[in-house]
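Below: one structure, written as structure tokens.
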Amino acid sequence: KSQDVEYLNLFLKRWYGVKSLWGDMRQRNPNVYSRMLKRRLENLSERRQDIAAVLYGCSPPLTSQDDWKGVVPSKTIFVAGSLDEKYTRIGRKWESIGGISKFVQVPNAGHALIVEEPTTISTIINGFVKDEIVDESR
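When you line the sequence shown up against the numbering used here, it's residues 1 to 138, in that order.
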């Protein structure tokens, strides 16, 4: 069991060490990084099979085009951290082709937006939803 936890810990440190995705969160925000790593290790230790099944099922090659039929571009926001190169690129592309209503980039944040910038993310989503509600009532 302890060797298993060591392997999981090593995996998580490598995964969260990918700078192009996480923006070196360990250096930028060591307290958030430590809490997140601890929580992920606990979750993986207890629910690894469940988490793996969900991630596998949500992988883009496995999802159906039908999964996207309910998406209304004019009612869709895409939020990415400025340090998350991959998703920033995707968000900008989707915005440029009209696939989303709005792209928002959160400065100095990586892929773990909800962990790194929970107040900023809730403010962005709240503002977007309020704007949508106002638009629909007109």
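From the three backbone atoms N, C-alpha and C, an ideal C-beta is built for every residue, glycine too.
None of the values given here were measured: they were computed from a predicted structure.
Pairwise C-alpha distance: residue j and residue i
i	j	result
Leu-113	Gln-3	31 Å
Leu-37	Asn-126	28 Å
Ser-96	Lys-13	35 Å
Gln-75	Gly-99	According to the sequence displayed, residue 75 carries Lys and not Gln. Near 10 Å, if we compare the C-alpha coordinates of Gly-99 and Lys-75.
Asp-164	Leu-10	There is simply no residue 164 to check, as the chain begins at 1 and stops at 138 in what is shown.
Cys-58	Gln-49	14 Å
Asp-131	Lys-93	23 Å
Pro-30	Gly-23	12 Å
Lys-19	Thr-88	14 Å
Ser-45	Ile-121	28 Å
Lys-69	Asn-43	32 Å
Arg-47	Val-5	13 Å
Ser-34	Leu-21	17 Å
Gly-110	Ala-53	25 Å
Cβ pair residue i, residue j closer than 9 Å
i	j	result
Leu-41	Leu-8	yes
Val-129	Val-32	no
Arg-26	Tyr-16	yes
Pro-73	Ser-101	yes
beta-carbon residue i near the ligand HEM non-hydrogen atom, thresh 8 Å
i	result
Thr-76	Although the ligand HEM was asked about, the structure shown includes no ligands whatsoever.
Same chain, Cβ closer than 8 Å to residue i, five either side skipped, listed in chain order
i	result
Ile-124	Ile-77, Val-79, Val-104, Val-106
Same chain, Cβ closer than 7 Å to residue i, five either side skipped, listed in chain order
i	result
Val-71	none
Ile-51	Asn-43, Leu-44
Close-in-space but distant-in-sequence residues of the same chain around residue i (CB under 6 Å, 5 per side omitted)
i	result
Gly-91	Phe-78, Ala-80, Phe-103
Arg-39	none
**OP:** Decide yes or no for the touch test of the segment 106-120 against the segment 73-93: beta carbon pairs closer than 8 Å, at least 3 of them.
**Re:** Short answer: they touch.
Original post:
What alpha helix (DSSP H) runs, 4 residues minimum, are completely inside the segment 71-96?
Top reply: Within the segment 71-96, the complete alpha helix (DSSP H) segments at least 4 residues long are 85-96, listed from N- to C-terminus.
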